[in-house]
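> Residues 713 to 1056 (our numbering) are what the sequence shown spells out, left to right.
Built from N, CA and C at the ideal position, the CB exists for glycine as well.
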Amino acid sequence: MSPPPAGAPSTGTEKARAEKAAPVKAAEIDTGRSLLGTAWLRIRRSRIAVAALVVVCLIVLFAVLAPVLTAIEGQDPFTSRTGGDYLDEFYTPGLPLEYYRFPSTEHWLGIEPGLGRDIFARMAYGARISLTIALLSTLVSVVLGTVLGAAAGYFGGKVDMVISRIMDLFLAFPHLLLVLSLTPIMQSRLGGTALDNGSLLPIASLVIILGFFGWAYLARVVRGQVLSLREQEFVEAARAYGASRRSIILRQIIPNVMGVVLVYATMMIPTNITAEAALSFLGVGVKDPTPSWGQMLNAAQAGNWYLSDPWFLAVPAGALVITVLAFNLLGDAVRDALDPKSSR
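1) For Ala-733, does the count of other Cβ atoms within 10 angstroms reach 16, so buried, or fall short, so exposed?
2) Between the C-alpha atoms of Ile-981 and Glu-801, what's the straight-line distance to the nearest angstrom?
3) Return yes when the Cβ of Ala-775 is within less than 7 Å of the Cβ of Leu-843, no when it is not.
4) Please report the Cβ distance between Gly-760 and Ala-1045, rounded to the nearest whole angstrom; I am assuming they are in contact, meaning their Cβ atoms lie under 8 Å.
5) Let's test the definition: count the other Cβ atoms within 10 Å of the Cβ of Leu-1009 and tell me whether it reaches 16, buried, or not, exposed.
6) From Tyr-803 to Gly-796, what distance separates their C-alpha atoms?
7) For Asp-1021, which of helix, strand or coil comes out of DSSP?
8) Buried or exposed, going by whether 16 or more other CB atoms sit within 10 Å of the CB of Tyr-837?
9) Can you tell me where the alpha helix (DSSP H) with Leu-773 in it begins and where it stops?
10) With DSSP collapsed to three states, give me the class of Pro-808.
11) Could you tell me which residues DSSP pairs with Leu-799 in its beta bridges?
12) Can you find at least 3 beta carbon pairs, one from the segment 917 to 933 and one from the segment 856 to 863, that sit closer than 8 Å?
13) Would you list the one or two residues that DSSP bridges to Gly-788?
14) Taking only three categories from DSSP, how would you classify Asp-872?
15) Name the two residues that bound the continuous alpha helix (DSSP H) containing Gly-1015.
16) Below 6 Å CB to CB, which residues in the same chain sit around Ser-911 once its five sequence neighbours on both sides are set aside?
17) Check each candidate in Ile-831, Val-1036 and Ala-931 and name the one with the smallest Cα separation from Val-973.
18) Kindly indicate which residue of Ile-960, His-819, Gly-923 and Pro-967 has the alpha-carbon position closest to the one of Ser-849.
19) Compare the Cα-Cα distances from Pro-967 to each of Tyr-953, Thr-978, Ala-987 and Arg-942 and report the closest residue.
20) Buried or exposed: where does Phe-832 fall if 16 or more other Cβ atoms within 10 Å of its Cβ makes it buried?
21) Around the Cβ of Ser-959, are there at least 16 other Cβ atoms within 10 angstroms (buried) or fewer (exposed)?
22) Taking just the CA atoms, how far does Val-891 sit from Ile-921?
23) Report the three-state DSSP secondary structure of Leu-892 (helix, strand or coil).
24) Need the endpoints of the alpha helix (DSSP H) that Val-996 sits in, please.
25) What runs of the alpha helix (DSSP H), each 4 residues or longer, lie entirely inside the segment 928 to 1006?
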């Protein structure tokens, strides 16, 4: 049979071939993306991941723009409002009056009992404290865990044995109890130094304690990854070119484990937020008058104000739950997006 003339409509067989080739071409385009590009595409396809990312961005903006937001409100987190104009002096002494107990145009979330400070302003500045401690302590853990884990996996031998035993020692201790007992000691040791400056002392002590005792698990994961990477062809090629061990670890090994490190960091941030809130709630973290979500929970519980009105406990507790949940969902999405076996 002679072929169809030029410009003739395609036959059914040719159409089927074209339809078959389309998904192959799309797949080739998709596999041509970088790891981060593919991960970002997967995150955008997940509604839960996008929602979590939006919430996290809003919380970060809420913390960064705290001075601007409180200036718009016209309040600050430290000014006390006592007396009969703001607080009840008869039935429940210290409880804010009805107008100041709930959101209003003057105080967007009301005022707190006892001292009458603005709740919105303390929430905004408390977000800055909580996120700063969580991010900096996570950074310390990530740096220590990545470097020590890579060194243990690459060098092996005695270096691996020493670092692995240190990891086992750190993982053997109950983390919260250890941090709870060492935080007051760290604060007393830092007293009289350059860090002993208002709210900087508890922040620095919590960053050091949480960061220093949070690296072991990541180091173990990175070590396992490096044990398989050090025998790969690109590492052997770097050795053949005469690259130093330090150069191989920093330029060849660590960039190839950054996916695991990124997943760990996104999961560690909410853990450190919760730890800071727990320590501040127990009275060994951020202390009054420095605003912190955990310290606000402590204030609502210490005076039993939540029994008179749950609002004073619900505001910081709700913010804490939403923040931790958003970071956890985002961490799950990042983990799935960076998994090469995931088809989502």
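Short version:
1) Unreliable placement is indicated for Ala-733, whose pLDDT of 47 sits below 50; no coordinate value is reported for it.
2) 42 Å
3) Yes; because the gap between Cβ atoms is below 7 Å, this pair is in contact.
4) With the sequence shown as reference, residue 760 is identified as Ile, and Gly is not the correct amino acid for it. With a Cβ gap of about 7 Å, Ile-760 and Ala-1045 count as contacting.
5) buried
6) Going from the Cα of Tyr-803 to the Cα of Gly-796 covers about 12 Å.
7) coil
8) Tyr-837 comes out buried.
9) 759 to 776
10) In the three-state scheme derived from DSSP, where H, G and I count as helix and E and B as strand, Pro-808 is classed as strand.
11) Among the bridge pairs identified by DSSP, Leu-799 is matched with Pro-808.
12) yes
13) Residue 788 is actually Asp in this sequence, not Gly. Asp-788 pairs with nothing; no bridge assigned.
14) helix
15) Taken as a continuous stretch (DSSP letters only), Gly-1015 belongs to no alpha helix (DSSP H), as it is neither H nor E.
16) Thr-1002
17) Shortest Cα-Cα distance from Val-973 to any of Ile-831, Val-1036 and Ala-931 involves Ala-931.
18) Gly-923
19) Arg-942
20) buried
21) exposed
22) 6 Å
23) helix
24) Val-996 -> no alpha helix (DSSP H), and no H or E assigned at all.
25) 928 to 941, 945 to 952, 957 to 960 and 970 to 993
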